[in-house]
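Be aware that the sequence shown starts at 1, since it is given in UniProt numbering, and climbs by one per residue.
A virtual CB, placed ideally from N, CA and C, is assigned to each residue, including glycine.
Below is one structure, written out as structure tokens; comments come after it.
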Amino acid sequence: MADQQFDEAIEQVRTSHDIVDIIGEYIQLKKQGRNYFGLCPFHGEKTPSFSVTQDKQIFHCFGCGKGGNVITFVMEMEGYTFYEALQFLADKSGTDLPESFGQKESSVSSENQQILAASEWVVKLYHHLLRFTKDGKKGYQYLKDRGITDETIDAFQLGFAPEAKDFTASFLDKKGFHQQTLIKSGLLSQRDDNGVSDRFRGRVIFPIRNHLGKPIAFGGRTLTNQEPKYLNSPESELFQKGRMLYNFDLAKKHIRKQGEAILFEGYMDVISAYQAGVQHGVATLGTSLTETQARLLKRYVDTVIICYDADESGHDATYKAAGTLQKAGCSVKVANLTDNMDPDHYIAEFGGESFWNDVITSSLTFTSFYMRYLKKDFNLTLEGDRINYIEKVLEHLAMIDSAVEREYYLKELSNDYDISMESLTQQIQFHRQQKRLGGDKSNKNSHTNHAPGIQQSKRLLPAFHNAERHLLAYMLQDLSIIDRVQEEIGASFTIDEHKIIATHLYAFYEENNEADVSKFIEMVNDDQVKKLVTELAMISVQDHMTDDVINDYIRIIQAENHKKQNIYSLKEEQKMAEQQNNPIKAAEIAKRIMDMEKQRKNIN
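As structure tokens, then:
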């Protein structure tokens with residue numbers, strides 16, 4: 001009875017979610033025909049080979065082979081156990097799971113569970129102190145002076161850590177948390193005398209959440225001359241700065257809606273923009289943008305607007321980040337920020353409407369930014385520097401595939417420096433020719449360079465192997481042929497994985513289930529077999545298979561089984577001849593076996 005109750009709960013959770021919606025929260029999906037395609041989140045690629053089938057509620061990557069249903073996807077993405085993934089989806093849909101469900105094992109270590117629990121308590125503590133106590137008044141006033149409203153403070157759960165050295169330590173000790181665990185997490189610091197103190201004391205606190213909204217670290221901003229100005233939690237198993245983005249949990253739904261992401265440098269830029277209505281902004285965590293962060297953004301959107309400080313260091317950082325984003329396949333724009341301004345101060349001075357209209361909406365193309373950025377390296381009053389500058393710009397323009405875009409910027413150069421379009425065009429053609437002669441190696445490192453629906457070239461499979469694959473593909477989608485296949489072939493498929501799938505299918509349909517690939521996957525325990533099921537389910541089959549087609553598949557499979565049986569019998573005869581010390585007969589049999597094996601390969 002308990003197992004039936006649990007199975008019903010699994011089915012309710014699975015059917016309460018559309019796999020397209022769930023996967024769409026992690027990666028950008030585009031519909032092509034009946035399926036949705038996107039960049040696979042499980043391996044690096046530049047051309048989408050990750051397919052989601054809505055009517056079957058499954059996903060499959062033609063590049064790396066991963067596949068499954070909505071539960072499998074969450075397990076893979078989050079590193080969850082089956083039970084954790086089910087609980088995660090149940091929470092999203094408001095589905096109640098059996099009470100015994102909570103006793104299942106978690107994949108998160110007990111120590112990390114303690115750190116997560118402690119972090120939750122600290123967020124609440126620091127936020128309460130900031131909003132409602134005298135101890136937090138200094139931090140509250142600082143945020144008010146920066147124009148941050150109570151609503152925004154609450155949305156980001158901003159807080160303040162009091163000056164007392166052991167305030168947090170004492171609080172968490174009373175909650176039963178182990179001191180060494182808290183030191184390891186970075187919530188507490190160990191002094192030279194082996195005592196402990198609060199790491200963030202006297203600082204305004206910015207909780208850092210993972211993409212699920214769970215606080216895993218903290219950033220603290222000093223209100224005095226204390227160094228450093230901003231202090232983050234140390235890196236840990238839960239918190240790796242180069243793999244996450246500040247505010248991604250709140251911003252991701254707005255990123256999908258806007259079709260673009262805005263990349264800031266700091267917490268306050270994100271928070272001020274969010275309060276001003278620009279809610280699809282994220283920030284790096286005190287480091288340069290990493291390739292991992294760039295790929296994370298690319299999963300969601302094609303376009304990223306970089307909105308860093310408009311000073312020399314900000315421009316350098318913008319140029320560097322743009323290269324990382326472009327390498328990940330993103331289209332890059334650069335916010336049109338007034339010189340020497342930063343986003344937070346711009347919003348404070350000119351307001352959110354101006355920030356949106358004059359800074360974000362009026363963003364520069366990367367080429368426009370690059371042409372401006374490059375000027376800092378040249379004295380354009382000197383003829384030689386002007387020529388070198390133009391040559392550098394032409395090298396960049398030669399890499400642009402769009403002829404219209406190239407011509408647009410060539411005209412700008414022609415007008416600005418009084419050079420004929422003919423000369424500029426001739427020079428850019430030279431650079432493009434050099435590029436072709438050098439070979440375009442840009443795609444050599446990508447795992448997949450194929451359009452959706454075009455399978456990568458694979459070795460040709462034997463006829464019996466293809467027959468089994470196509471027959472199983474039909475069996476997954478049409479229970480009307482199950483009885484016939486079971487009667488004539490049973491589990492006598494030649495490929496071991498196919499035998500497993502067929503056996504599971506017979507049992508699945510005997511329990512009066514309808515054809516449902518997503519539900520069937522839950523009956524399969526082996527991950528490799530699950531992948532194969534989703535691969536087979538993606539094979540295009542006719543709505544109604546004729547008897548002639550079924551007969552052909554069955555005949556090919558039976559013939560292969562007959563050949564295998566003959567070869568097996570001959571091998572037994574060979575062993576017997578060897579045991580009887582008859583090498584001539586054994587050699588003759590071995591030759592017959594080799595001829596039969598060769599014939600099988602040639603025919604297939």
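Setting aside the 5 residues that flank it on each side, Gln574 is surrounded in the same chain by Ala586, Ile589, Ala590, Ile593, each with a C-beta closer than 8 Å to its C-beta; the list follows chain order. Sequence-distant partners of Phe350 (beyond 5 residues in either direction) whose C-beta falls short of 8 Å from its own C-beta, in its chain, are Asp358.
Relative to Val393, the option among Tyr373, Val404, Ser402 whose CA is nearest is Tyr373. Burial state of Asp192 is exposed, judged by a 10 Å Cβ sphere holding fewer than 16 other Cβ atoms. Counting only the Cα atoms, Val524 lies some 45 Å from Tyr274. Shortest Cα-Cα distance from Leu364 to any of Val332, Lys571, Leu29, Gly68 involves Val332.
In the structure shown, Thr72 adopts helical secondary structure according to DSSP, grouped into three states. Proximity to Val304 across Gly139, Gln258, Asp55, Ala491 peaks at Gln258, based on C-alpha coordinates.
In the three-state DSSP reduction, Ser93 falls in the helix class (H, G or I). According to the DSSP assignment, Glu487 belongs to the alpha helix (DSSP H) that extends over 482-488. In the three-state DSSP reduction, Tyr230 falls in the strand class (E or B).
By the criterion of a C-beta distance shorter than 7 Å, Tyr142 is surrounded in its chain by Val204, Leu223, once the five residues flanking it on both sides are discounted. Across the set Leu413, Ala398, Ser402, the C-alpha of Ala398 shows the shortest separation from the C-alpha of Gln429.
Contact check between the region 147-156 and the region 164-177: fewer than three CB pairs, one atom from each, fall below 8 Å, which does not count as touching.
Scanning the region 355-403 for uninterrupted alpha helix (DSSP H) segments of 4 residues or longer gives 366-374, 383-397, listed from N- to C-terminal end. A residue is called buried once 16 or more other Cβ atoms fall within 10 Å of its Cβ, and Glu260 is buried on that count. In the same chain as Tyr506, and ignoring 5 residues on each side of it, the C-beta atoms closer than 6 Å to its own belong to Gln486, in chain order.
Secondary structure note for Asp166: it is in no beta strand (DSSP E), with a DSSP letter that is neither H nor E. The continuous stretches of alpha helix (DSSP H) do not include Pro207, which lies in the beta strand (DSSP E) extending over residues 203-209. The beta-carbon separation of Thr534 and Gly176, rounded to 45 Å, does not stay under the 8 Å limit for a contact. Distance from the Cα of Asp309 is smallest, within the candidate group His431, His128, Ala283, for Ala283.
Distance between Phe59 and Ile183, taken at the CA atoms: about 42 Å. In terms of Cα proximity to Ile390, the closest of Phe369, Glu120, Tyr408, Tyr417 is Tyr417. About 6 Å separates the beta carbons of Thr324 and Glu291, which is inside the 8 Å limit, making them a contact pair. In the three-state scheme derived from DSSP, where H, G and I count as helix and E and B as strand, Pro462 is classed as coil. The three-state secondary structure of Pro343, taken from DSSP, is helix.
In this structure Gly281 is buried. Its beta-carbon is surrounded by 16 or more other beta-carbon atoms within 10 angstroms.
Between the region 310-318 and the region 333-347 there are three or more C-beta pairs closer than 8 Å, enough to call the two in contact. Taking a contact to require three or more Cβ pairs closer than 8 Å, the region 459-471 and the region 548-562 qualify as touching. In this chain, the beta strand (DSSP E) harbouring Val282 covers 281-283. The Cβ atoms of Gly286 and Asn210 do not sit closer than 8 Å to each other.
By the C-beta density criterion, Gln279 is buried, having at least 16 other C-beta atoms within 10 angstroms. When the alpha-carbon of Ser16 is set against those of Phe62, Glu45, Asp96, Gln28, the nearest one is in Asp96. CA-CA distance, Glu522 to Glu25, rounds to 22 Å. Residue range 188-190 is occupied by the beta strand (DSSP E) that includes Ser189. About 6 Å separates the beta carbon of Ile271 from that of Ile148, a gap short enough to meet the 8 Å contact definition.
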